[in-house]
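Protein chains in written order, with the working numbering: chain X, 449 to 764; chain Y, 26 to 349.
Just so it is clear, CB atoms sit at the ideal spot from N, CA and C, and this is done for glycine as well.
Note that the structure is a prediction, hence the values are computed from the model and not measured.
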Amino acid sequence: MENNAATSRTMRKAKSRIKASAGDRIFDYCNYTFMILLIIVTLYPFINILAVSLNNAQDSIKGGIFLLPRVWTLDNYRYIFRESTIFHATLISILRTVIGTVTTVFCSAMVAYTLSRQDYVLRKFMTIAFVLTMYFNGGLIPNYLLIRDLHLLGSFWVYVWPGLIGVFNLIIIRSFIENLPESILESGRIDGAGDFRSFFHIVLPLTLPVLATVALFSGVYQWNSWFDVFLYNSSHINLSTLQYELQKILQNSNTTSGTSSLDGMINGASGAQQNTVTPLSVRATMTIVASLPIIMVYPFLQKYFVKGMMVGGVKG
Amino acid sequence: METKAILATSGPAANKKPKGIRLFFIKLARQRALVVMSVPFLIWLFIFKYVPIWGWTIAFQDYKPALKFWDQTWIGFEHFKFLFGDERFVRVLRNTLAMSSINLVLGFVTAIVLALLLNEIRQVAFKRTVQTISYLPHFISWVVAASIIQTTLSPDGILNQMLIWLGIVDKGNEILFLGIPEYFWGIFGASSVWKDIGWNTIVYLAAMTTIDPSQYEAAEIDGASRLKRMRYITLPGIKPVIVVLLIMNIGYLLESGFEPQYLLGNGMNVDYSENIDIFVLKYGIAQSNFSLSIAAGMFKTVVSFVLLFAANHIAKRAGESRLF
Numbered sequence: 449m450e451n452n453a454a455t456s457r458t459m460r461k462a463k464s465r466i467k468a469s470a471g472d473r474i475f476d477y478c479n480y481t482f483m484i485l486l487i488i489v490t491l492y493p494f495i496n497i498l499a500v501s502l503n504n505a506q507d508s509i510k511g512g513i514f515l516l517p518r519v520w521t522l523d524n525y526r527y528i529f530r531e532s533t534i535f536h537a538t539l540i541s542i543l544r545t546v547i548g549t550v551t552t553v554f555c556s557a558m559v560a561y562t563l564s565r566q567d568y569v570l571r572k573f574m575t576i577a578f579v580l581t582m583y584f585n586g587g588l589i590p591n592y593l594l595i596r597d598l599h600l601l602g603s604f605w606v607y608v609w610p611g612l613i614g615v616f617n618l619i620i621i622r623s624f625i626e627n628l629p630e631s632i633l634e635s636g637r638i639d640g641a642g643d644f645r646s647f648f649h650i651v652l653p654l655t656l657p658v659l660a661t662v663a664l665f666s667g668v669y670q671w672n673s674w675f676d677v678f679l680y681n682s683s684h685i686n687l688s689t690l691q692y693e694l695q696k697i698l699q700n701s702n703t704t705s706g707t708s709s710l711d712g713m714i715n716g717a718s719g720a721q722q723n724t725v726t727p728l729s730v731r732a733t734m735t736i737v738a739s740l741p742i743i744m745v746y747p748f749l750q751k752y753f754v755k756g757m758m759v760g761g762v763k764g
Numbered sequence: 026m027e028t029k030a031i032l033a034t035s036g037p038a039a040n041k042k043p044k045g046i047r048l049f050f051i052k053l054a055r056q057r058a059l060v061v062m063s064v065p066f067l068i069w070l071f072i073f074k075y076v077p078i079w080g081w082t083i084a085f086q087d088y089k090p091a092l093k094f095w096d097q098t099w100i101g102f103e104h105f106k107f108l109f110g111d112e113r114f115v116r117v118l119r120n121t122l123a124m125s126s127i128n129l130v131l132g133f134v135t136a137i138v139l140a141l142l143l144n145e146i147r148q149v150a151f152k153r154t155v156q157t158i159s160y161l162p163h164f165i166s167w168v169v170a171a172s173i174i175q176t177t178l179s180p181d182g183i184l185n186q187m188l189i190w191l192g193i194v195d196k197g198n199e200i201l202f203l204g205i206p207e208y209f210w211g212i213f214g215a216s217s218v219w220k221d222i223g224w225n226t227i228v229y230l231a232a233m234t235t236i237d238p239s240q241y242e243a244a245e246i247d248g249a250s251r252l253k254r255m256r257y258i259t260l261p262g263i264k265p266v267i268v269v270l271l272i273m274n275i276g277y278l279l280e281s282g283f284e285p286q287y288l289l290g291n292g293m294n295v296d297y298s299e300n301i302d303i304f305v306l307k308y309g310i311a312q313s314n315f316s317l318s319i320a321a322g323m324f325k326t327v328v329s330f331v332l333l334f335a336a337n338h339i340a341k342r343a344g345e346s347r348l349f
């Protein structure tokens, strides 16, 4: 209701500025209504899950939780962080996000710098070699066999090595460097800076905006990954991640046809805890924990990733 | 001096070529800092992206994991013949094409419409807010999205509750949306739109900023309505971008995704949810039939490769900027 009031107010303002025709006013009205509907459809599922995660688990089973919790509690959050598997998985998620992102950003920037140097003799060859891999990949089994033969199964580094350089990231960093004013790089060279010095002291600081974009993409990718955990480390519980733990819970509730039957993890819990948590509330709480870091970060990087998408998407 | 030395060692016939190679190495030595910075990653690229292609040979073998490469039995195209005679694979192919087409058409139309509508909002703060919120689902994982979608579609989820409220569904008779195979493509399409509609508008909105504002002013003076301005100025203004993206996306016709189908799929909707990627996973990992799995994956990659190259070529010919 409040939104509607705001809408009509803005419409009145718009009307005083430009003499809008009746048709245009109807259009505006529909447009704003549509946008508000879009916001509701996008946000409601998150708000609903948040409400369930903050509601008493036994009470949630009765259903009817929509926007606000009925019986407020933090027990669900307390439970999942006391559960050592999930706590450990969260740590691994954080670790792979930090290490994976830092290495990707650094390595991609370094290669992008060399590829931006018009006089570099390997420039053309390397560009083609990298870009070609956008068109094909070995596929699931060949990649699995490679990882096995490299003895990366059951290792943390399987989260870092395969994604070390993303071609898309490479392209957007390279075109950013190419658009830097030539005079800055020139002046460095005249001062006798070698390629290492130019890269670390001139290029790296100047490309921070685009590196923020790449860091966001890579961080999101790392944080959200679960398939590589499933494929390579599913028998190594100490290398499991938050997303994979959530996926396992989902899969369990899937096989029991959507109804909330207690899954193994909760069955294994002590009697006292069994009374306080249910798969429904654990799933809701983990969904929030698994998405919250991203939800909190991405709005602040909007300016950067929008620019990154424009460069990478249209120009290449 | 240098040319003389080369002449002496390699004879006059090879006069030009060694000079090139020699020059190349001299340059390379001078650029050794750049080499140190990039060649290790070239090796990385070779190992992680090119070496796995060697695994495609398994598709032509009766692969036994215990045997060495040279001891495998080569059986030619047997696995491919089997695939195309296999009822299950044909169904998988149908699902792949159906879901990627749904994704392509729905994804395009909804994103363009949203971009057009967003472009008409004069209130900058409101527009910004809508945009920021619309990007949100793009950033969450498909695992989280699947959890949300399952909750929404569950018997006591919001969708069933609304249908009850509207009197379409009786209480106690709630629809198990994910249990009805025929609904799966629709659920997949809606989920994909929900997740990426906002994200996909970025490119179009960027293209719209390049349209000359005087065009709008002129149209306004001529009395063109908002809808007409959208239809005759904005839409033609972003046409080049639409064309390029459309062509490029046709290259991804066999890439219908993996995660949504895997995470939302279940025993009940498998006939409609299983696509090539899941087929590859099930045969390869669950049944350890590496040869057949690789053959299916290889088929997908080769067709995609050809489609993408053709698409890129057509986009270039169309005089539009390429994607790569």
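What residues from the segment 89–110 of chain Y come within 7 Å of chain X, judged by C-beta to C-beta, listed N to C? For the segment 89–110 of chain Y, there are no residues whose beta carbon sits under 7 Å from a beta carbon of chain X.
How would you call X/His-599, buried or exposed, if buried means at least 16 neighbouring beta carbons within 10 angstroms? When all chains shown are included, X/His-599 counts as exposed.
The alpha helix (DSSP H) spanning X/Pro-493 covers which residue range? Counting along the chain, the unbroken alpha helix (DSSP H) around X/Pro-493 starts and ends at 470–501.
Report the neighbours of Y/Gly-309 on chain X: residues whose CB is nearer than 8 Å to its CB, in chain order. Think of a sphere of 8 Å around the beta carbon of Y/Gly-309: the chain X residues whose beta carbon falls inside it are Leu-588, Ile-589, Tyr-592, in chain order.
Throw me the rounded Cβ distance for the X/Val-662 and X/Ile-620 pair, which I believe falls under 8 Å. With a Cβ gap of about 7 Å, X/Val-662 and X/Ile-620 count as contacting.
Compute the Euclidean distance between the alpha carbons of Y/Leu-141 and Y/Val-218, then round it to the nearest angstrom. Y/Val-218 has its alpha-carbon roughly 16 Å from the corresponding atom of Y/Leu-141.
Which listed residue (Y/Lys-253, Y/Ile-272, Y/Ala-343, Y/Gly-322) has its alpha carbon closest to that of X/Asp-472: Restricting attention to Y/Lys-253, Y/Ile-272, Y/Ala-343, Y/Gly-322, the CA atom closest to the CA of X/Asp-472 is found in Y/Lys-253.
Using a Cβ-Cβ cut-off of 9 Å, state whether Y/Thr-259 counts as contacting chain X. False, the Cβ-Cβ gap to chain X never drops below 9 Å.
Whole-angstrom distance between Y/Val-76 and X/Ile-589, CA atom to CA atom: Answer to the nearest angstrom: the Cα atoms are 12 Å apart.
is_contact[X/Ala-537, chain Y] using C-beta, thresh 9 Å: Not closer than 9 Å to any Cβ of chain Y, the Cβ of X/Ala-537 fails to qualify, so no.
Span separating the alpha-carbon of X/Ser-705 from that of X/Val-606: For X/Ser-705, the predicted model reports a pLDDT of 41, less than 50, meaning its position is unreliable and no value from the coordinates is stated.
Excluding five sequence neighbours on each side, which residues of the same chain lie with their C-beta closer than 6 Å to the C-beta of X/Ile-697? Counting only residues of its own chain and dropping the five nearest sequence neighbours on each side, X/Ile-697 has a CB closer than 6 Å to the CB of Arg-731.
Is the Cβ of Y/Thr-326 closer than 9 Å to any Cβ of chain X? Yes, contact with chain X.
Unbroken stretches of the beta strand (DSSP E), 3 residues or longer, contained in the segment 99–151 of chain Y: The qualifying runs do not exist here; there are none.
Return no unless some Cβ of chain Y is closer than 9 Å to the Cβ of X/Ala-577. Taking Cβ atoms only, chain Y reaches closer than 9 Å to X/Ala-577, which makes this a yes.
Below 8 Å, how does it come out for the segment 563–570 of chain X and the segment 274–289 of chain Y: are there three or more Cβ pairs, yes or no? Contact fails: fewer than three Cβ-Cβ distances are below 8 Å.
Three-state secondary structure (DSSP) of X/Leu-710: Note that X/Leu-710 scores a pLDDT of 40, beneath 50, so its modelled location is shaky; the value from the coordinates is reported in the next line. In the structure shown, X/Leu-710 sits in coil (DSSP, three-state: anything other than H, G, I, E or B).
So for Y/Lys-89, helix, strand or coil by DSSP? Three-state result, Y/Lys-89: coil.
For X/Leu-728 versus X/Val-519, is the C-beta spacing smaller than 9 Å? The answer is no: Cβ separation not under 9 Å.
Leaving out the 5 sequence neighbours to the left and right, which residues in its chain are closer than 8 Å to Y/Lys-106 when beta-carbon positions are compared? Same-chain partners within the cutoff: there are none.
DSSP three-state call for Y/Trp-219: helix, strand or coil? Assigned with DSSP and collapsed to three states, Y/Trp-219 falls in helix.
Just to confirm, is the Cβ distance from Y/Ser-352 to Y/Asn-120 under 9 Å? This structure leaves residue 352 of chain Y out entirely; chain Y is present only between 26 and 349.
Just to confirm the assignment, what range does the alpha helix (DSSP H) spanning Y/Pro-265 have? That run of the alpha helix (DSSP H) goes 264–275.
X/Ser-508: beta carbon under 8 Å from a heavy atom of the ligand NAP? Ligands displayed in this structure: none; no statement on the ligand NAP is therefore possible.
Element boundaries [alpha helix (DSSP H), containing X/Pro-727]: Per DSSP, X/Pro-727 is one residue of the alpha helix (DSSP H) stretching across 727–745.
Kindly indicate which three-state DSSP category X/Trp-520 falls into: helix, strand or coil? Correct three-state label for X/Trp-520: strand.
Please list, in chain order, the chain Y residues whose beta carbon lies closer than 7 Å to that of X/Pro-747. The answer, in chain order, is Thr-157.
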